[in-house]
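Step one of this worksheet: look at the structure below.
In the numbering used here, the protein residues as written are 1 to 181.
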């Protein structure tokens, strides 16, 4: 099962710091609750990058005084993985079966990450000031937007027009009007 982590402490585009945060949180879950949803610690960690990402992961692992081998993926000109390296930059040649397995794993991880980021972006896109008004759930929000088209149009409407919307009574319409001003 794939695990997705929302980055909480890194506010810039910094892959190694993001990776360190995620691996730290993942290991912490297993160390603190080995019978929990994350289960045992991983046997190995693969970084979709080189020595900088390996070092970030090693920092995360070292916080718990455990030993988990970490390997980075060395890419060719076409961004295809051709071999692995360890934290001492030793190259590990791979046979075709292992290479195919790693490529498939990498493709699946990328697919899941892209899908998750789209979901987060779409969720942010559908947020509005209506979400902060007590008594307005997703259905009432949709009904309001269906009738008026935008939050700006709702702002301009009078209380009677707003109360015409399915599920919105006069009192709630007044509250909406007040909150949007």
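Quick reminder that beta carbons are idealized off the backbone N, C-alpha and C, glycines included.
Residue i, enclosing alpha helix (DSSP H) - first and last residue
i: residue 82; result: Segment 81-85 is the beta strand (DSSP E) holding residue 82; no alpha helix (DSSP H) there.
i: residue 47; result: Taken as a continuous stretch (DSSP letters only), residue 47 belongs to no alpha helix (DSSP H), being part of the beta strand (DSSP E) at 45-47.
i: residue 147; result: 138-148
i: residue 155; result: 151-156
Burial state of residue i (16 or more Cβ within 10 Å)
i: residue 56; result: buried
i: residue 153; result: exposed
i: residue 38; result: buried
Sequence-distant residues of the same chain with beta carbon closer than 6 Å to residue i, five excluded per side
i: residue 128; result: 151
i: residue 46; result: 71
i: residue 132; result: none
i: residue 18; result: 7, 10
Limits of the unbroken beta strand (DSSP E) element including residue i
i: residue 176; result: It is not in any beta strand (DSSP E) - residue 176 instead sits in the alpha helix (DSSP H) that spans 170-180.
i: residue 23; result: First-last for residue 23: 15-32, but that is the alpha helix (DSSP H), not the beta strand (DSSP E).
Sub-8 Å separation of residue i and residue j beta-carbons
i: residue 5; j: residue 22; result: yes
i: residue 69; j: residue 98; result: no
i: residue 52; j: residue 81; result: no
i: residue 119; j: residue 130; result: no
i: residue 177; j: residue 159; result: yes
i: residue 7; j: residue 50; result: no
i: residue 180; j: residue 155; result: yes
i: residue 91; j: residue 83; result: yes
Own chain, CB closer than 7 Å to residue i, minus 5 neighbours either side, in chain order
i: residue 24; result: 60, 63
i: residue 40; result: 30, 34
i: residue 54; result: 47, 70, 72, 87
Cβ-based neighbour list, residue i, same chain, cut-off 8 Å, excluding 5 preceding and 5 following
i: residue 163; result: 169, 170, 172, 173
Integer-rounded CB distance, given that residue j should sit under 8 Å from residue i
i: residue 167; j: residue 143; result: 6 Å
i: residue 2; j: residue 114; result: Wrong, their Cβ atoms sit about 12 Å apart, outside the cutoff.
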